[in-house]
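Notes for the one structure printed next.
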Amino acid sequence: MFNYETTEQEALMDNYFGNALLPALHKADVEDVGVFKPIEGLNENLKYIILLVPYQSLEQFEKMPAILDKDPAYLEAASAYIDAPYDQAPYTRIESFILRAFSATPRLTVTELTSPRAERVYELRSYEGATEKLYNLKVEMFNEGESALFQELKFNPVIFCEVISSAHMPHLMYMTTHADTTAQRENWDAFGNHPEWDRMKNLERYQNTVSGMTKYLLYPTEYSDY
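All the letters of the sequence shown, read from the start, carry residue numbers 1 to 226 under the working numbering.
As structure tokens, this is what we get:
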């Protein structure tokens, strides 16, 4: 998550992601890279860009900086970002999360939405657990049926992941996608009224597994892969 304050910073990052980083990642066999921005009026007017990169392994993640450093086309296209002066940085701070896919949903799935990108709602949620035990039970709940219910109800889920490194441990993150705000509301109504969800949420085993929730309502940039 790249936090910023000014339109100049936003433009610099758009240029970097769209014309330098994503082409370089594609060249390095990293596909389906997502770049998302907050929907205006629905995210407390915070300014950030979320970059979701689906590396196949921690080894690939670890090697990527060296690969980029040896790519002349990337270095040229990224020069304004790389060489930005200290008092004109392209962002205020970067927040990083290392994710590992749930066992029931081991791969990122590109959304099948065809609606205009500016109308879409990509909903990224973070669920925190009060303890590691309770957190692990919430992961189990997803693996044992909750993620399948999202798929059944056509939430067009992209990821369901454990967070293995961040400043808010323990927690998980998942992303669902909706054609527009109306579809998002209707999908959640269907989920909340589904008998399988009613059964799961009332199981004694899964009580109090979420102690905090953060929600990001996003749309994909034009240069995002999906």
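Every residue gets a Cβ at the ideal spot worked out from N, C-alpha and C, and that includes glycine. The structure displayed is predicted, hence computed values, not measured ones.
Supposed close pair residue i, residue j - CB separation, criterion 8 Å
{"i": "Leu22", "j": "Tyr219", "result": "With 8 Å as the limit, Leu22 and Tyr219 do not qualify as a contact, their Cβ atoms being about 17 Å apart."}
{"i": "Glu112", "j": "Asn43", "result": "With a Cβ gap of about 25 Å, Glu112 and Asn43 do not count as contacting."}
{"i": "Ser165", "j": "Ile98", "result": "4 Å"}
{"i": "Met213", "j": "Ser126", "result": "7 Å"}
{"i": "Ile50", "j": "Met1", "result": "5 Å"}
{"i": "Leu172", "j": "Lys201", "result": "No, Leu172 and Lys201 are not in contact; Cβ-Cβ is about 16 Å, not under 8 Å."}
Outcome for residue i when other beta-carbon atoms lying within 10 angstroms are tallied against a minimum of 16
{"i": "Phe142", "result": "buried"}
{"i": "His178", "result": "buried"}
{"i": "Ala20", "result": "buried"}
{"i": "Gln88", "result": "exposed"}
{"i": "Asn187", "result": "buried"}
{"i": "Gly41", "result": "exposed"}
C-beta atoms of residue i and residue j nearer than 8 Å
{"i": "Met175", "j": "Ile159", "result": "yes"}
{"i": "Lys47", "j": "Tyr81", "result": "no"}
{"i": "Val210", "j": "Gly145", "result": "no"}
{"i": "Tyr216", "j": "Leu124", "result": "yes"}
{"i": "Glu162", "j": "Arg107", "result": "no"}
{"i": "Ala190", "j": "Leu153", "result": "yes"}
{"i": "Phe17", "j": "Val35", "result": "yes"}
{"i": "Leu149", "j": "Glu204", "result": "no"}
{"i": "Ala24", "j": "Leu58", "result": "no"}
Q. Is there contact here, the stretch 20–36 with the stretch 52–66, by at least three beta-carbon pairs under 8 Å?
A. The answer is yes - the stretch 52–66 touches the stretch 20–36, with three or more Cβ pairs under 8 Å.
Q) Taking only runs of the alpha helix (DSSP H) that begin and end inside the stretch 139–166, which ones reach a length of at least 4 residues, in chain order? A) DSSP runs (the alpha helix (DSSP H)) wholly in the stretch 139–166: 147–152.
Q. Which ranges would you report for the alpha helix (DSSP H) in the stretch 171–196 if only whole runs of at least 4 residues count?
A. Counting only unbroken stretches of 4 or more residues, the alpha helix (DSSP H) elements lying wholly within the stretch 171–196 are 181–192, in sequence order.
Q) Which ranges does the beta strand (DSSP E) cover as unbroken runs of at least 3 residues, wholly within the stretch 87–113, from first to last along the chain? A) Contiguous beta strand (DSSP E) elements confined to the stretch 87–113 occur at 98–101, taking only those with 3 or more residues.
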